[in-house]
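First up is the structure itself, then whatever we jot down about it.
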Amino acid sequence: MKILFAGLALLGCAALSLWLWATPQRDPRFDALAERLRKLDEASPGQLGVYLLRPADGSELNHQADRTWYLASAAKAAIAIAVLQEVDDGKLQLDQPITLEEGDRVDGSGGLVWEDAGARYNIGELLREMLQESDNTAADMLIRAAGVERINERIAAAAGDNFGKVTRLLDVRRELYGQLNPDARSLENRQIVEIAAAPLGPQRVEAVANALKMKPDQLETRDLDEAYRRYYETGLNSATLVAYGQLFGKLAKGELLSEASTRLLYDIMGLDSYEAYRLEAGLSEQVPFV
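This note's numbering applies: residue 99 is where the sequence shown begins, and numbers increase by one.
Structure (structure tokens):
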């Protein structure tokens, strides 16, 4: 529940920041929405975080937005911005081919994990796969192409110190399973993909133990929820919603990307389309939403 609420807040932040940017005066709906969010949070399980930013005048709505939230796939938007900055600087090209390697494969959304090693995709295609299909393998291929250190340098420069280190998606799995037993941090990506076939919960824990050639009672914990809690505490792939929102505020003001790259990013993320899905379903079709 916590991750769901956080993810909705993060994705909505980008969309609503673009909408609110066009209205420079203080909007009294901020206060009304803040009160509704407070009541919703009190009446619901889990925790809720929301951050809204009007870049034109810096007006904010902050509901638990100063605490750190695990970003999950919302981190992919920040990765995309960093990659496009590399494109703008001539370090990468949109038509530059990247070859799928065995070590790129990681479970999750998208179909690239099942493609043959040696398949080639250009940077532009990988951006679409990562953002439209939430393809984890595409994300790791882009991180490899740009360099994980460079990705983090770009994000830190744009979002500040309250945006935690971004890792490969494969390393998300390794670090998570490493909370069950440190040896899991050395699992091969093939093993990670095989483990993902087991349902979340005790069966997933047993699959990790089997991959490590251990019995479940040899693990440091057999509780997957506890493993997730420990992973969240590392701060990896996490940020405050303020840092995440400020990142998109700068994007909306044209401070991060060239005009061409900004248009491309908005196109990939569906700025000009209306799908009535999740947060977008509650907004007017005239509200720009990514």
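We put the beta carbon where it would ideally sit given N, CA and C, even for glycine.
Nearest-angstrom Cα separation, counted from residue j out to residue i
i      : j      : result
LEU298 : ALA172 : 21 Å
ASP365 : ARG152 : 22 Å
LYS137 : PRO126 : 18 Å
ASN250 : MET312 : 35 Å
VAL385 : ALA350 : 14 Å
LEU363 : ALA180 : 11 Å
LEU380 : ASP315 : For the record, residue 380 in the displayed sequence is Gly; it is not Leu. Taking the straight line joining both Cα atoms gives about 47 Å.
SER157 : GLU373 : 28 Å
ARG302 : SER359 : 40 Å
LYS263 : LEU355 : 21 Å
TYR326 : GLU304 : 16 Å
LEU192 : ALA296 : 36 Å
PRO195 : GLN230 : 19 Å
THR332 : GLU324 : 13 Å
PRO300 : MET228 : 29 Å
GLU223 : LEU345 : 23 Å
LEU135 : THR319 : 35 Å
PHE387 : VAL270 : 28 Å
TRP119 : ARG361 : At TRP119, the pLDDT of 46 sits below 50, so the modelled position is not reliable and the matter cannot be decided from this model.
GLU357 : LEU317 : 51 Å
Exposure label - residue i; buried when at least 16 CB within 10 Å
i      : result
THR235 : buried
ASP155 : exposed
SER142 : exposed
SER371 : exposed
ALA255 : exposed
GLU378 : buried
ALA307 : buried
Top-ranked residue by Cα proximity to residue i, from the options
i      : options                           : result
TYR275 : GLU378, LEU369, ILE293 and THR265 : ILE293
GLY368 : GLU383, ASP321, ARG266 and LEU354 : GLU383
TYR329 : GLY209, PRO280 and SER371         : PRO280
ARG252 : GLN145, GLY222 and GLU353         : GLU353
TYR149 : LYS348, THR360 and GLY343         : GLY343
LYS189 : ILE221, TYR375, GLU213 and ASP214 : ILE221
LEU278 : GLY144, TYR375, LEU322 and ALA358 : LEU322
Spatial neighbours of residue i in its chain, beta-carbon cut-off 8 Å, leaving aside the 5 residues before and after
i      : result
ARG272 : ALA282, ARG283, SER284, LEU285 and ILE290
SER232 : SER171, LYS174, GLY206, SER207 and GLY208
ASP214 : LEU198
Close Cβ partners of residue i (< 7 Å) along its chain, the five nearest in sequence each way excluded
i      : result
ALA341 : ALA257, GLY258, ASN260 and PHE261
ILE241 : ILE177, ILE249 and ARG266
ARG226 : ILE366
THR197 : GLY216 and ARG218
GLY201 : ASN287
LEU268 : VAL204, ASP238, ASN287 and ILE290
LEU310 : ASN279, ASP281 and ALA282
Same chain only: Cβ atoms within 6 Å of residue i, ignoring 5 sequence neighbours per side
i      : result
VAL211 : ARG203 and THR235
Near the ligand ZN: residue i beta-carbon under 7 Å from a heavy atom
i      : result
GLU324 : With respect to small molecules bound, the structure shown includes none, and the ligand ZN cannot be examined in it.
Cutoff 8 Å: residue i Cβ touching any chain B Cβ
i      : result
ALA341 : Absent from the structure is chain B; it holds one protein chain and no more.
Next item on the list: Kindly confirm or deny that the region 161–171 and the region 335–342 touch, where touching means at least three C-beta pairs closer than 8 Å.
Entry: yes
Note to self: Any contact between the region 123–138 and the region 154–161? By contact I mean 3 or more CB pairs, one from each, below 8 Å.
What the structure shows: yes
Notebook entry, point to check: Hey, is the region 180–191 in contact with the region 229–245, meaning 3+ C-beta pairs nearer than 8 Å?
Noted result: Of all C-beta pairs linking the region 180–191 to the region 229–245, three or more are shorter than 8 Å, placing the two stretches in contact.
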